[in-house]
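Our numbering applies: residue 1123 is where the sequence shown begins, and numbers increase by one.
Scroll down for the structure; my scribbles are underneath it.
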Amino acid sequence: MASAYACAQIGYRRQIAPGVNIDAGFAFGRDFATVSSGIPTIGGEFVAVHAGASLRFGPGDLTVGTRFMNRPISESHHLHIRTAEYLIGYRVTF
């Protein structure tokens, strides 16, 4: 699946222990062109939520998180694709 979208996002981050953070957020916006299985779809408004955590490890942060999105396929038929992403990574900032 490939898509193009623009959104505004609101988030919250809290340090729960030295070097340990949790975060959550909400996003909403416009999906312009989603392609699923090679078939283009009609875009529309979408919503997304995310949650994650980070742990200070060496010179960077080890991060884990998840994001759920509800994307429209067809506004006239009220069809949507619900997607989930699970993320794990290491981030170093300078």
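Here a beta-carbon is modelled for each residue, glycine too, at the ideal position from N, C-alpha and C.
Check whether the Cβ atoms of TYR1134 and GLY1151 lie closer than 8 Å to each other.
no
Quick check on the DSSP output: the beta strand (DSSP E) that includes ALA1206 runs from which residue to which?
1201-1213
Could you give the DSSP three-state label for PRO1287: helix, strand or coil?
Summary: the structure shown does not reach residue 1287, with the chain confined to residues 1123 through 1216, and so no result is reported for it.
State buried or exposed for PHE1190, treating a residue as buried only when at least 16 other CB atoms are found within 10 Å of its CB.
Exposed is the call here.
Going by DSSP, what residues sit across from ALA1146 in a beta bridge?
Looking at the DSSP output, ALA1146 sits in a beta bridge with TYR1134, ALA1173.
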